[in-house]
Amino acid sequence: MHEAHPRPATFCHSGPLCGTFRVPGDKSISHRALMLSALAVGESRITGLLEGEDVLSTAAAMRAMGATIHQTGEGCWTVYGVGVGGLMQPAGALDMGNSGTSTRLLMGLVASHRLTATFIGDASLSKRPMGRVIDPLSLMGAEFNASPGGTLPLMVHGLVPAIPIQYRLPVASAQVKSAILLAGLNTPGITEIIEPVPTRDHSERMLHGFGADLTVEVDGNGTRTIRLIGEAELKPQIIDVPGDPSSAAFPIVAALITPGSEVTITHVGMNPTRTGIYRMLEAMGADLTYANQREVGGEPVADITARHSILRGIEVPPDIAPSMIDEFPIFFVAASVAQGRTITSGLEELRVKESDRLALMAAGLTAVGAQVEERADGLIINGTGGENLAGGVTIKSALDHRIAMSFAVAGQRCTHNVTIDDVSPIATSFPNFEAMLSAMTTPLSAPAKAVVDL
Numbered sequence: 001m002h003e004a005h006p007r008p009a010t011f012c013h014s015g016p017l018c019g020t021f022r023v024p025g026d027k028s029i030s031h032r033a034l035m036l037s038a039l040a041v042g043e044s045r046i047t048g049l050l051e052g053e054d055v056l057s058t059a060a061a062m063r064a065m066g067a068t069i070h071q072t073g074e075g076c077w078t079v080y081g082v083g084v085g086g087l088m089q090p091a092g093a094l095d096m097g098n099s100g101t102s103t104r105l106l107m108g109l110v111a112s113h114r115l116t117a118t119f120i121g122d123a124s125l126s127k128r129p130m131g132r133v134i135d136p137l138s139l140m141g142a143e144f145n146a147s148p149g150g151t152l153p154l155m156v157h158g159l160v161p162a163i164p165i166q167y168r169l170p171v172a173s174a175q176v177k178s179a180i181l182l183a184g185l186n187t188p189g190i191t192e193i194i195e196p197v198p199t200r201d202h203s204e205r206m207l208h209g210f211g212a213d214l215t216v217e218v219d220g221n222g223t224r225t226i227r228l229i230g231e232a233e234l235k236p237q238i239i240d241v242p243g244d245p246s247s248a249a250f251p252i253v254a255a256l257i258t259p260g261s262e263v264t265i266t267h268v269g270m271n272p273t274r275t276g277i278y279r280m281l282e283a284m285g286a287d288l289t290y291a292n293q294r295e296v297g298g299e300p301v302a303d304i305t306a307r308h309s310i311l312r313g314i315e316v317p318p319d320i321a322p323s324m325i326d327e328f329p330i331f332f333v334a335a336s337v338a339q340g341r342t343i344t345s346g347l348e349e350l351r352v353k354e355s356d357r358l359a360l361m362a363a364g365l366t367a368v369g370a371q372v373e374e375r376a377d378g379l380i381i382n383g384t385g386g387e388n389l390a391g392g393v394t395i396k397s398a399l400d401h402r403i404a405m406s407f408a409v410a411g412q413r414c415t416h417n418v419t420i421d422d423v424s425p426i427a428t429s430f431p432n433f434e435a436m437l438s439a440m441t442t443p444l445s446a447p448a449k450a451v452v453d454l
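Position one of the sequence shown corresponds to residue 1 (full-length UniProt numbering), numbered consecutively onward.
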């Protein structure tokens, strides 16, 4: 969990960035790897697992419900699953820390098991709405006792057998989709989800890999229909988790906006539902190259090299949002030093993340000297044209790891230091972020060959 006391840190312009690095494992895939391994019968082995606080919350919850989970080395874990339907009543409340993904997906798992689970979290998570998950899971027969506004603390009473449903997603949400699919694993019959706007498909890929009977149909309009047949029998797997493309975006943007920089991030997940940030950076003129493209465990990966670039403002299509929803904070930083105006819209989802990311990024960027207009569903940013921002301020992170990392990167292009009031939340997704940023400023004798796996 987060440190009991805030840990401020100061970031400043430090010259060109260089080197070759590997970011921690993909958070979305790490969560799902632990959950599905815990539902398989037998031993699964996971390498590259993100060992941030959010994923460790998932591991603790699965242990509390009967799975045996051991760490065997750095990023290497062994899971002995209990089988679909085999989850046991936890002895106490499940503390999800800051992890909305853990909470929503585990609500789905619990919904079709004969047990009752109470979910609690930190101050930030306890403000996040869970109604979008409660609604479909209630249709499947689960009962919920939530705090006002559908927030944590929250109690879930599962139903066995649960009721298979056909559900059309009212909002683009991989978490809602995944919660329904996980509930469907222990539900007899066909659980069907209609997804008008495609979202990240890690759950579908991994469920198929574990042996679930799952099909996906795509119509001419791009609407996806996902059908899962319960009651599933999952087979244990060996999983290699690729680097998190959301985490990789931070050092990549840092290199793009810092003159003289060239940074390579290896083994980055390139799932097309997650690469919107890179497509939009390239539309701005970013010099990005992709090497060693391959597939690992059903997920495409590549090594990405980013070189300092003169970025140009663009208008971001609203339909790109699901494929880069977590990367908009760092994208806003790139836009703040670009040439011309960047316009974003359709981003209401950012107001109900770990924080109101639109409001916090607008306030923070304005404080460091950017020209920002905040709208209900996005930001309009007039870039500096490549000139430094002023800086010289303290930024409130509001317990949001991506806000903290975004302004740490912004500090690279500020004339005066930028202080983050609390960087401890960064541990939820990128525990070695500060060490990596520091290492990027240290010249390496052979940057193209030296891989720093911090």
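Glycine included, each C-beta is placed from N, C-alpha and C at the ideal position.
When DSSP builds the beta bridges, which residues end up paired with Phe119? Leu94, Leu154
Which residues in the same chain have their Cβ closer than 7 Å to the Cβ of Ala446, if we skip the five residues on either side of it in sequence? Any reading at Ala446 needs caution, since the residue's pLDDT is 38, under 50, leaving its predicted position unreliable; the model's value is listed next. The answer is none, since no qualifying residue turns up.
Can the beta-carbon of Ser37 be found less than 7 Å from the beta-carbon of Ser44? yes
Would you list the residues sitting across from Gln71 in a DSSP beta bridge? Trp77
Residues in the same chain with beta-carbon distance under 6 Å from Thr366, minus the five sequence neighbours each way, listed in chain order, please. Val372
Take Val150 and list the residues in its own chain whose beta-carbon comes closer than 7 Å to its own, dropping the five residues that flank it on each side. Checking the sequence, you will find Gly at residue 150 rather than Val. Around Gly150: Pro129, Met130, Gly131, Ile134.
Could you check the C-alpha separation between Asn271 and Ser14 for me, to the nearest Å? 33 Å
N-terminal and C-terminal residue of the alpha helix (DSSP H) that Asp201 is part of: Unbroken run through Asp201: none, as it is neither H nor E.
According to DSSP, is Glu231 part of a helix, a strand, or is it coil? coil
Under the assumption that residue 467 contacts Asp54 (Cβ atoms under 8 Å), give the Cβ distance between them as a whole number of angstroms. Past the boundaries of the shown model lies residue 467; the chain is included only from 1 to 454, so the question cannot be answered.
Where do the ends of the alpha helix (DSSP H) carrying Arg128 lie? Taken as a continuous stretch (DSSP letters only), Arg128 belongs to no alpha helix (DSSP H), as it is neither H nor E.
So, using beta-carbon positions, are Val423 and Ala9 closer together than 7 Å? yes
Please name the residue in Glu354, Ala335, Met62, His416 whose C-alpha comes closest to that of Val110. Met62
Output the distance between the C-alpha atoms of Gln412 and Thr258, rounded to the nearest integer angstrom. 7 Å
Cβ shell of Arg227 (< 6 Å), same chain only, five flanking positions each side left out: Ile190, Glu192, Thr215
Can you look up Ala370 in the DSSP assignment and give me helix, strand or coil? coil
What does the Cβ neighbour count give for Thr72, buried or exposed, with the cut at 16 atoms within 10 Å? exposed
Can you tell which of Leu17, Arg7, Ala283, Cys12 has the C-alpha that lies nearest to the C-alpha of Ser261? Leu17
Enclosing alpha helix (DSSP H) for Asp54 [first to last residue]: 53-64
Whole angstroms is fine: what's the gap from Cys12's alpha carbon to Pro236's? 47 Å
Between Ile304 and Thr342, which are expected to be in contact by the criterion C-beta below 8 Å, what is the C-beta distance as a whole number of angstroms? Their Cβ separation, rounded to whole angstroms, is 21 Å, which puts Ile304 and Thr342 out of contact at 8 Å.
CB contact flag (His113, Leu154, <7 Å): no
Can the beta-carbon of Leu256 be found less than 7 Å from the beta-carbon of Ala179? no
Which residues does DSSP list as the beta-bridge partners of residue 474? Residue 474 lies beyond the range of the chain shown here (1 to 454); nothing can be said about it.
Can you look up Ala291 in the DSSP assignment and give me helix, strand or coil? strand
In the structure shown, what three-state DSSP assignment does Glu143 receive? strand
Looking at the structure shown, is Glu387 part of a helix, part of a strand, or coil, going by DSSP? coil
Which class does Thr101 belong to by DSSP, given the choice of helix, strand or coil? helix
What does the Cβ neighbour count give for Asp319, buried or exposed, with the cut at 16 atoms within 10 Å? exposed
Apart from the five residues on each side of it in sequence, which residues of its chain come closer than 8 Å, Cβ to Cβ, to Gly285? Ser309, Ile310, Leu311, Arg312
Just the C-alpha distance for Arg294 and Val301, rounded to the nearest angstrom, thanks. 6 Å
For the putative contact between Pro90 and Ala64, defined by C-beta atoms under 8 Å, what is the C-beta separation to the nearest angstrom? 4 Å
If you measure between the beta carbons of Ile330 and Val253, is that distance less than 7 Å? yes
Find the nearest neighbour of residue 466 within the set Gly220, Gly184, Asn221, Pro188, judged by alpha-carbon distance. The structure shown does not extend to residue 466, since the chain is modelled only from 1 through 454, so no value can be given for it.
C-alpha gap between Val171 and Ala321, whole angstroms: 12 Å
Limits of the beta strand (DSSP E) - the one that Glu262 falls within: 262-269
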